[in-house]
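When we follow UniProt numbering, the leftmost residue of the sequence shown carries the number 1, and every step to the right adds one.
Cβ atoms here follow ideal geometry from the backbone N, Cα and C, with glycine treated the same way.
Below is one structure; the comments refer to it alone.
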Amino acid sequence: MSSEPGSARRSRLRSVASAARRASRTRYPGGYVPCPSAASRTKIEVCVTEQQGQEAEGYDFQAIQDRWLPVWDELKPFEVGAEASDRPKKYVLDMFPYPSGDLHMGHAEAFCFGDVMARYWRGQGYDVLHPIGWDSFGLPAENAAIKRGIDPREWTYANIEQQKTSFRQYAPSFDWSRVLHTSDPEYYRWNQWLFLEMYKKGLAYRKASWVNWDPVDQTVLANEQVLADGTSERSGAMVVKKKLTQWYFRITDYADRLLDDLDQLEGQWPTKVLNMQRNWIGRSRGAEVEFEIEGRAEKVPVFTTRPDTLHGATFMVVAPDSDLAAELVVDADADVRMQFQAYLEQTQKQTEIERQSTEREKTGVSLGRFAINPVNGERIPVWASDYVLADYGHGAIMAVPAHDQRDLDFARKFGLPVRVVVDVRDEDGAALPDPAESGVATAGDGVLVNSAELDGLGKTEAIAKAIEVLEARGTGRAATTYRLRDWLISRQRYWGTPIPILHGADGEMRPVEVADLPVELPASEGLDLKPKGSSPLGAATEWGTVTDPATGETWTRDPDTMDTFVDSSWYYLRFLSANDSTQAFDPELARQWGPIDQYAGGVEHAILHLLYSRFITKVLHDLGYLSFEEPFTALLNQGMVLQDGAKMSKSKGNLVEFASELQAHGADALRVTLAFAGPPEDDIDWADVSVQGSAKFLARAWRVADDVERAGSPVGGDAASGDTALRRATHHLLADAPGLVEAYKFNVVVARLMEQVNVTRKAIDSGAGAADPAVRESAEAIAMILSMFAPYAAEDMWAKLGHEPTVALATWPKADPALLVEDEITMVVQVDGKVRDRLTLPAAVTEAEAEAAARASAAVQRAIGDRVIVNMIVRVPKIVSIATKPA
């Protein structure tokens with residue numbers, strides 16, 4: 001954040017802007033070339049090249065980039081100062097990049113769209129905060145460092161510098177005074193502070209449990225980091241289960257709020273993303289039923305969404321990898337224990353996807369124990385089977401085989417009883433076949449049978465009655481469960497935020513004092529970073545050993561690091577106070593700027609990052625740091641950039657390099673191409689777009705301003721005295737563009753700009769010429785709106801039009817309502833489906849008048865000839881349609 005006094009900064013910027021304006025309007029042979037002093041960002045000057053000859057003509061993107069980039073470096077037009085402004089505020093943020101190499105075409109698309117929104121809101125008169133940083137911790141950097149035999153820092157920060165250079169050329173309107181890297185101690189110090197706040201609130205805890213284990217990267221994964229096919233989103237390896245003691249955040253405590261608050265985002269977030277989050281949280285309402293197991297003092301709670309079917313529960317199934325199953329076989333005979341152990345080992349080799357598949361033959365082992373059905377007192381056998389998961393409910397289910405296909409398949413495989421308790425009928429009212437004979441469970445709604453006091457009730461009434469009965473007997477209660485599991489944040493790798501917990505020899509845990517933060521990573525020199533199942537930090541004995549100066553006790557640092565999604569869960573707040581060493585963020589600045597008005601990034605973060613960020617925001621709200629509970633008001637997801645219908649990759653040989661495209665065509669042409677290719681959420685096939693076409697359009701737009709400059713049209717002329725038709729087109733563009741941008745119809749805005757350039761060109765060539773004040777008005781509107789997509793060309797146009805830099809801070813003029821009222825309309829006349837004429841008619845024309853004009857048209861009369869009109873449809877102000885037949 002700039003600490004320069006406001007008056008001094010304004011004076012300096014006026015001086016720099018005036019110099020830049022003078023320089024930009026001077027023509028030199030060979031183009032405009034910045035002096036070394038401009039490149040060093042000390043003052044703006046323009047050198048006259050030593051070349052002699054004619055004045056440089058035409059649109060030269062490289063010369064324009066070379067001219068304006070150092071000017072912007074000096075002006076710093078997008079910095080948000082420390083002084084509060086009375087202007088309304090907008091916070092626009094792009095999902096920050098990972099420094100895996102130089103920018104790629106996906107970055108080009110994502111940061112184009114976010115920048116369009118940032119520049120748009122500035123044009124609407126807002127102060128806009130649009131920061132940039134790097135998500136620089138994580139496995140890719142560590143794996144790359146291992147492969148190259150270097151420190152992860154070296155690889156990470158070299159890539160950041162390369163991306164910074166590319167970003168500057170691409171010209172997104174970032175506030176470069178707030179750059180952050182999550183791998184800086186100055187940043188992850190506050191990660192650790194956040195962890196300690198969570199720990200104090202009881203939201204961070206440590207426990208032993210079965211976790212997702214990546215056998216390649218040798219680290220645990222959160223459920224959200226396991227893909228639908230059971231593989232790791234990082235390494236692609238098949239994930240296995242492993243029992244470890246890990247750190248968790250209690251995100252399940254916020255499950256209801258995370259789910260219910262999605263309603264606030266309807267219409268602002270893509271429906272697809274909202275549905276993905278709802279499905280992931282997966283709230284189910286039903287009952288928790290307590291089953292007694294013979295020989296066990298403590299009852300086993302079982303969650304079910306259908307407590308009305310309890311009378312049909314004929315056996316119980318527990319997850320073989322659950323603590324309950326291990327306990328139940330302790331006193332079993334040797335054969336049962338041996339069979340169970342073999343089955344457990346087999347289960348641990350399978351993914352959750354495989355275990356839940358409905359197409360697999362059911363497997364299982366009897367545990368030799370019996371449970372008591374709490375509603376009818378029946379003894380039912382207890383089995384272990386892999387289709388039940390240890391982290392679903394309490395790792396046990398009541399099996400109702402007549403009405404659940406997986407339970408039925410299991411019962412038929414092992415000869416267990418099947419009892420119908422819901423009379424389900426087909427569309428004609430006929431009873432469905434007995435599942436025990438047909439092998440097909442009847443899962444639909446119906447009337448309860450064989451269920452004592454529930455007989456004759458429908459599903460809804462029966463569920464309510466069943467819960468009432470359970471509560472009266474003290475054997476159950478209404479309950480809600482979720483698919484969502486607590487967020488596992490431990491990682492057994494080096495390149496991440498150290499967890500700020502100390503462990504005593506007796507197992508006691510003690511949080512690091514806030515005053516002692518950050519707990520910095522030790523140097524990687526001497527550490528074996530290769531994945532081996534335990535954290536490399538465990539071998540950093542000097543770093544990991546802490547002596548309490550007061551007691552002389554020795555403590556050991558926790559060797560794990562945090563999931564990097566912790567880093568990105570709150571980074572939007574750190575941007576507000578990026579250079580503040582006293583606090584993670586200023587709550588008052590969060591109140592002024594938050595929540596994010598516009599967030600842009602890939603849909604691949606629909607669950608992981610967005611869910612975690614929503615959770616942390618709610619926690620910080622509850623801790624009193626934030627006044628809002630949702631971090632991102634509006635969300636824009638972009639599609640992918642493809643090549644010949646396939647995702648770009650080096651291995652496929654279809655990679656289009658961002659750097660080469662930038663060098664060949666310039667930043668403006670790339671940005672216009674991406675914006676014009678289609679709706680942002682659609683995929684773009686680079687083989688189908690024309691960067692050259694975008695460059696030609698930019699040259700035509702630039703030439704409009706060049707013509708105005710050559711004609712000597714004065715700034716501030718009376719546009720009302722100019723070409724009325726052109727003024728109408730200009731003001732329709734000014735009226736329509738805001739709504740189109742806010743609806744993310746960037747391609748339509750670019751198309752409208754192309755139309756405006758053509759209309760203006762026509763006015764120049766056929767009317768009063770470039771000196772017409774209406775032409776200047778149009779050129780200025782084009783420059784302002786074009787600056788969202790092509791900042792270099794727009795800036796050059798703005799300077800040619802006699803204005804000081806920068807066009808990005810110019811407020812768009814409002815459309816004149818009087819110019820939006822059309823005096824004339826154009827109606828199309830079709831004869832037998834073919835367009836034969838276009839009629840220019842008064843805006844107040846009636847249907848009868850339009851019909852008469854169509855009949856009088858010579859072109860229409862020729863098309864009808866000697867045929868007979870059989871029907872005529874008139875729709876003012878669009879069309880006259882005439883149908884004919886032979887005479």
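Outcome for residue i when other beta-carbon atoms lying within 10 angstroms are tallied against a minimum of 16
{"i": "Asn212", "result": "buried"}
{"i": "Pro320", "result": "buried"}
{"i": "Leu227", "result": "exposed"}
{"i": "Ser3", "result": "With a pLDDT of 44 at Ser3, under the threshold of 50, the modelled position of this residue cannot be trusted, and the question is left open."}
{"i": "Ala255", "result": "buried"}
{"i": "Thr554", "result": "exposed"}
{"i": "Met338", "result": "exposed"}
{"i": "Gly653", "result": "exposed"}
{"i": "Ala156", "result": "Going by the sequence as given, residue 156 is Thr instead of Ala. Buried, since its Cβ has 16 or more Cβ neighbours within 10 Å."}
{"i": "Leu820", "result": "exposed"}
{"i": "Thr314", "result": "buried"}
{"i": "Ser322", "result": "buried"}
{"i": "Ala118", "result": "buried"}
{"i": "Pro549", "result": "exposed"}
{"i": "Thr219", "result": "buried"}
{"i": "Ala411", "result": "buried"}
Cβ neighbours of residue i in the same chain (closer than 7 angstroms, five flanking residues each side left out)
{"i": "Val874", "result": "Glu847, Ala850, Glu851, Val880"}
{"i": "Asn159", "result": "Pro99, Ser100, Gly101"}
{"i": "Leu589", "result": "Leu576, Ser577"}
{"i": "Arg483", "result": "Trp280, Ile281, Gly282"}
{"i": "Asp706", "result": "Lys800"}
{"i": "Ala783", "result": "Ala705, Ala794, Met797, Trp798, Leu801, Val807"}
{"i": "Val870", "result": "Ala883, Thr884, Lys885"}
{"i": "Met238", "result": "Gly230, Thr231, Thr351"}
{"i": "Trp193", "result": "Val514, Leu517, Ala584"}
6 angstroms CB neighbourhood of residue i in its chain, flanking five on each side removed
{"i": "Ser535", "result": "Gln492, Pro559, Asp560"}
{"i": "Phe111", "result": "Asp94, Pro172"}
{"i": "Ser451", "result": "His311, Val421"}
{"i": "Asp837", "result": "Val829, Ser857, Ala859, Val860"}
{"i": "Val80", "result": "Leu129, Asp175"}
Close Cβ partners of residue i (< 8 angstroms) along its chain, the five nearest in sequence each way excluded
{"i": "Lys465", "result": "Asp308, Glu453, Leu454, Leu457"}
{"i": "Ile467", "result": "Ala287, Pro307, Gly476, Arg477, Ala478"}
{"i": "Arg406", "result": "Thr358, Lys362, Tyr387"}
{"i": "Glu717", "result": "Position check: residue 717 holds Gly in this sequence, whereas Glu was assumed. Pro773, Arg776."}
{"i": "Phe370", "result": "Ile293, Glu294, Arg379, Ile380, Pro381, Val382"}
Alpha carbon of residue i to alpha carbon of residue j, nearest angstrom
{"i": "Glu154", "j": "Arg148", "result": "11 angstroms"}
{"i": "Gly624", "j": "Arg591", "result": "12 angstroms"}
{"i": "Pro270", "j": "Asp115", "result": "19 angstroms"}
{"i": "Phe746", "j": "Leu734", "result": "14 angstroms"}
{"i": "Gly739", "j": "Ser787", "result": "17 angstroms"}
{"i": "residue 888", "j": "Ser713", "result": "Nothing about residue 888 can be read from this structure; the chain reaches only from 1 to 887."}
{"i": "Ile64", "j": "Asn223", "result": "49 angstroms"}
{"i": "Glu290", "j": "Val300", "result": "5 angstroms"}
{"i": "Val449", "j": "Asp423", "result": "6 angstroms"}
{"i": "Ile146", "j": "Gly594", "result": "40 angstroms"}
{"i": "Arg761", "j": "Glu629", "result": "51 angstroms"}
{"i": "Ser85", "j": "Asp127", "result": "8 angstroms"}
{"i": "Pro77", "j": "Ala843", "result": "45 angstroms"}
{"i": "His503", "j": "Met198", "result": "18 angstroms"}
Count the C-beta pairs between the stretch 755-763 and the stretch 657-664 that are closer than 8 angstroms, then say yes if the count reaches three, no if not. no
Curious, which full-length beta strand (DSSP E) runs of at least 3 residues does the stretch 310-383 contain? 315-318, 365-372
Those runs of the alpha helix (DSSP H) which lie wholly inside the stretch 393-422 and span at least 4 residues: You should have 405-414.
What ranges does the alpha helix (DSSP H) occupy inside the stretch 171-233, keeping only unbroken runs of at least 4 residues that lie completely in it? Runs of the alpha helix (DSSP H) inside the stretch 171-233: 185-200.
Length at least 4, wholly inside the stretch 790-851: the alpha helix (DSSP H) runs in chain order: Within the stretch 790-851, the complete alpha helix (DSSP H) runs of at least 4 residues are 791-800, 817-820.
Could you tell me whether the stretch 171-191 touches the stretch 457-472, where touching means 3 or more Cβ pairs closer than 8 angstroms? no
Counting Cβ pairs, one atom from each stretch, are 3 or more of them under 8 angstroms apart for the stretch 329-338 and the stretch 424-438? no
If contact is defined by three or more beta carbon pairs under 8 angstroms, each pair taking one atom from either stretch, is the stretch 126-137 in contact with the stretch 681-691? By the criterion of at least three beta-carbon pairs nearer than 8 angstroms, the stretch 681-691 is not in contact with the stretch 126-137.
Looking at C-beta atoms only, is the number of pairs between the stretch 756-773 and the stretch 718-726 that lie closer than 8 angstroms three or more? yes
Whether or not the stretch 525-532 and the stretch 594-612 are in contact is what I'm after, with contact meaning three or more pairs of Cβ atoms, one per stretch, closer than 8 angstroms; do they touch? no
Quick check for students: name the residue ranges of the beta strand (DSSP E) that lie wholly in the stretch 58-95, counting only runs of 3 or more. Those beta strand (DSSP E) runs which fall completely within the stretch 58-95 and span 3+ residues are 89-94.
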